[in-house]
Amino acid sequence: MPTYETILLDVDQEKGTGFIVDSSSITIGSSGVISHTFDNGESSIIARAVVESKQDGRAKVRFEVFSMLSQPALPLPGVLPQKGDEVVLNFLYDRALIVVPNENIYNQIVSTFTNINFVHPDIIGAYLNNHSTPNPSRDDFRKMCADNAAGLIFIAMDQKAVFADCGSFEILKSFESASVDNYQVPFYSRIYGISPAWWKWNSEYINDYNEHYKFLLDIK
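Be aware that the sequence shown starts at 1, since it is given in full-length UniProt numbering, and climbs by one per residue.
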């Protein structure tokens, strides 16, 4: 999924949406950023864009707050997307988190998708361990994607594997895979024993690896 650069053709500020020229590089659910050029010639990312639909040669994008590179010491740009602003889709899609049930599958994936720079699962495991979170949520993964400048998350389950957008969690590509014989929860890493915290009401172990990630991906 190569980076796709274009401009906003139209904007509906009330609905928080806009339209761009469609392309085969665009998948519904994929995301990117919107950049605005100011009068002094400087440009800045002002919003996030998520593809909602495609029709008649145009793609509809939804505007969201871009928080991946937020800096608390700096103010938000305070500029809404406008017609003519630059849109870059498939943003950071060359980096991905990897969630797989065991080491064998991990080795298979990283050797197959050599064009993707996978964030090592030990980094993710260490984050969860530090936060006493053995059952990562969508928001946990979004935070880890932001911290590691990753735009995708790869999740392997029993007989199914997917690439999903880190922000929308929309499935962008799906693959049939073999049955899984053994599982490490919450996923394969060399960080073992991620324990829940008694003071966090939603901190608990994953009972079923496949059901947990199907729930996050909204797979029925």
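Heads up, the beta-carbon is just placed ideally off N, CA and C, and yes, glycines get one too.
Exercise. Is the beta carbon of LEU216 sitting closer than 9 Å to the one on ALA150?
Worked result: no
Exercise. Tell me which same chain residues have a C-beta within less than 6 Å of the C-beta of GLN71, skipping the five on either side of it?
Worked result: Its pLDDT being 49, under 50, GLN71 is placed unreliably in this model, and the coordinates cannot settle the point.
Exercise. If you drop the 5 nearest sequence neighbours on each side, which residues of the same chain put their C-beta closer than 8 Å to that of THR17?
Worked result: VAL11, GLU52, LYS60, VAL61, ARG62 and PHE63
For this session: Using alpha carbons as the reference points, say which of PHE113, SER137 and PHE19 lies closest to VAL87.
Result: PHE19
Problem set entry | Nearest neighbour of SER30, chosen from HIS131, SER23 and ASN90 [CA to CA] | ASN90
Exercise. In its own chain, which residues sit with a C-beta less than 7 Å from the C-beta of ALA73, not counting the 5 before and 5 after it?
Worked result: Caution is warranted here: a pLDDT of 45 is assigned to ALA73, below 50, making its placement in the model unreliable, and the coordinate value is therefore given only provisionally. Excluding sequence neighbours, ALA73 sits near nothing in its chain.
Exercise. Measuring CB to CB, does ALA96 end up less than 9 Å from PHE66?
Worked result: no
Exercise. Between the beta-carbon of ASN135 and the beta-carbon of PRO196, is there less than 9 Å?
Worked result: yes
Problem set entry | Inter-residue Cα distance where the pair is GLN184 and PRO101 | 5 Å
For this session: Just grab the DSSP bridge partners of ASP10 for me.
Result: PHE19
Exercise. Is it a yes or a no for the segment 184-194 touching the segment 112-130, going by three-plus beta-carbon pairs under 8 Å?
Worked result: yes
Problem set entry | Residue interval of the alpha helix (DSSP H) (run including GLY32) | Note, GLY32: premise wrong, no alpha helix (DSSP H); beta strand (DSSP E) at 31-37.
Problem set entry | Beta carbon of ASN210 nearer than 9 Å to that of ASP140 | no
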